[in-house]
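To start, the structure under review is shown below, and the notes come after it.
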Amino acid sequence: MVVVNMKKLLFLFIIAPFLSFSQNYNGPESIEYNQLTGSYFIANSNNGQILELDINNNLSVFATNLGSGPHGLEIVNSIIYVCSGGRLKGYETSTGDQVLNYNLNGSFLNGITQMNYAGEINLFITDFSAKKLYKYNIEENSHDEICSFSKNPNGTYYDSINNRLLVVFWGNNAPVYEIDLTNETYSTIINTGLGNLDGISMDQCGNFYVSAWSSNAVHKYNFDFSETELVTSNLSNPADIYYNQYDNILAVPNSGNNTVDFVFYPCDNSSIQEKTSNKNLIKTIDIIGRKTTNKNFKIHIYDDGSADKKYLIN
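Here it is in structure tokens:
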């Protein structure tokens, strides 16, 4: 097996675009990337563990004795939140110490995502068996039921570009729903024609990635789901996927054969939606604040107080 530093994987994709790690995985159900350390956390659903794969490809047990599951994982600041049966648990990513064991009174909590709006962070969590969607407020340590469905919800993702919550579903011709968080209703974005959707993630260009058990593949959709293409196939019950936007890596836990695949898959910047902005450029400066016309590094200052750093590669 080729051993590759995950931080260097970006530069080695020509040699090794597709890697698989299988040691100690037992029903890998979800995967989450820790941008502070470059490691990945994997939910080992068959033995109540969370594993950590570090940048040197060392696989270790991060947390154990979780009881049911675990399934969905989501990192917020220094805490990794975990779906475990009907409870939401939390662990310090640096130490593994448990800091939360909250009862949502759920049946089978599965998918989880975060929304950060005006400094308030909420978690949205699907309940596969009860066919419900919950919102958990981190600061208040409280939860609410958002809506219920006629189908079994699975993975969920908050699209910060378009300010919408998406949920994928189990079953035949499985749909992708958009949740209106204002009136707590939902609408169908697409009936995919695929069966048993598990996970959903998004790249920095606004494209979505959906894992399907019916095709044992991951499918890519553009921002409005009007175009689709096959990303990777020959998987084994691909579960709750994660797109690492820092390194352009699609991480896929295969719950059917106890492996995790890492696929280098850069996004297409041409698919980014152009949004109208009312801000106007008033000054361009260099890194120490001097006005500049340098073609390589620039800081753009706008009249609304915002700034963009731009590094141009010739």
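Adding 1458 to a residue's 1-based position in the sequence shown gives its number in my numbering. The beta-carbon is built from N, C-alpha and C at its ideal position, and this holds for glycine as well. No experiment lies behind these values; they were computed from the predicted model shown.
Mind reading off the beta-carbon distance from phenylalanine 1520 to isoleucine 1537? Whole number of angstroms is fine, and I expect it under 8 Å.
As a working note, residue 1520 is residue 62 in the sequence shown. As a working note, residue 1537 is residue 79 in the sequence shown. About 13 Å separates the two Cβ atoms, so there is no contact after all.
Which runs of the beta strand (DSSP E) fall wholly inside the segment 1506-1565 and span at least 3 residues, in chain order?
1507-1511, 1517-1521, 1531-1534, 1537-1542, 1545-1550, 1556-1561
Buried or exposed (CB count within 10 angstroms, at least 16 for buried), proline 1724
Residue mapping note: residue 1724 aligns to position 266 of the sequence shown, counting from 1. Classification of proline 1724: exposed, given that the 10 Å Cβ count is below 16.
Decide if serine 1618 is buried, meaning its Cβ has at least 16 other Cβ atoms within 10 Å, or exposed.
As a first step, residue 1618 must be located in the sequence shown, where it is residue number 160. Counting Cβ neighbours within 10 Å, serine 1618 comes out exposed, since fewer than 16 surround it.
Just verifying my parser: in three-state terms, what is the DSSP assignment at proline 1724?
If you number the sequence shown from 1, residue 1724 lands on position 266. Proline 1724 falls in the coil class under three-state DSSP.
Comparing alpha-carbon positions, which option in Met1573, Tyr1616, Cys1541 lies nearest leucine 1558?
Residue 1558 sits at position 100 when you count from the first residue of the sequence shown. Considering only alpha carbons, the answer is Cys1541.
Length-filtered (3 minimum) beta strand (DSSP E) runs lying within the segment 1668-1729:
1675-1679, 1686-1690, 1700-1702, 1707-1712, 1717-1722
So is serine 1713 buried or exposed if we call it buried at 16+ other beta carbons inside 10 Å?
Along the sequence shown, one-based indexing puts residue 1713 at 255. Burial call: buried.
Within 10 Å of its beta-carbon, does lysine 1443 have 16 or more other beta-carbons around it, so buried, or fewer, so exposed?
Residue 1443 falls outside the range modelled here, since the chain spans only 1459 to 1772, and no answer is possible.
Taking the alpha carbon of phenylalanine 1586 as the point to measure from, which residue in Asn1612, Asn1595, Tyr1700, Asn1665 has its own alpha carbon closest?
The residue labelled residue 1586 in the question sits at position 128 within the sequence shown. Ranking Asn1612, Asn1595, Tyr1700, Asn1665 by Cα distance to phenylalanine 1586 puts Asn1612 first.
Once DSSP output is grouped into helix, strand and coil, what is the label at serine 1503?
As a position in the sequence shown, residue 1503 is number 45, starting the count at 1. Coil, per DSSP.
Taking the alpha-carbon positions, what's the alanine 1675 to tryptophan 1628 distance?
Here residue 1675 refers to the residue found at position 217 when the sequence shown is read from its first residue. Here residue 1628 refers to the residue found at position 170 when the sequence shown is read from its first residue. Alanine 1675 and tryptophan 1628: Cα-Cα distance of roughly 15 Å.
Express the C-alpha separation of serine 1600 and isoleucine 1513 in angstroms, rounding to a whole number.
The count along the sequence shown starts at 1 and reaches residue 1513 at position 55. The count along the sequence shown starts at 1 and reaches residue 1600 at position 142. Their Cα atoms are separated by approximately 35 Å.
Please name the residue, chosen from Gly1653, Gln1662, Phe1666, that lies closest to serine 1673 on a Cα-to-Cα basis.
Position 215 of the sequence shown, counted from the start, is the residue given in the question as residue 1673. Checked all of Gly1653, Gln1662, Phe1666; the closest Cα to serine 1673 is Gly1653.
Keeping to the same chain, check which residues put their C-beta closer than 6 Å to that of asparagine 1695; ignore five residues upstream and five downstream.
Numbered from 1 along the sequence shown, position 237 holds the residue referred to as residue 1695. Counting only Cβ-Cβ distances below 6 Å, and skipping sequence neighbours, we find Trp1671, Ser1713, Gly1714.
Only counting the same chain, and skipping five residues up and downstream in sequence, which positions put a Cβ closer than 6 Å to that of leucine 1524?
What you label residue 1524 is simply residue 66 of the sequence shown in a count that begins at 1. The residues are Gly1506, Ser1542.
Classify phenylalanine 1582 as helix, strand or coil using the three-state DSSP reduction.
For the purposes of this step, residue 1582 is taken as residue 124 along the sequence shown, with counting starting at 1. If DSSP states are grouped into helix, strand and coil, phenylalanine 1582 belongs with the strands.
Tell me which same chain residues have a C-beta within less than 7 Å of the C-beta of threonine 1646, skipping the five on either side of it?
Taking the first residue of the sequence shown as position 1, residue 1646 is located at position 188. Cβ within range, chain order: Pro1633, Tyr1635.
Please classify tyrosine 1575 as buried or exposed, where buried requires at least 16 other C-beta atoms within 10 Å of its C-beta.
Locating residue 1575 in the sequence shown gives position 117, counting from the first residue. Exposed, since its Cβ has fewer than 16 Cβ neighbours within 10 Å.
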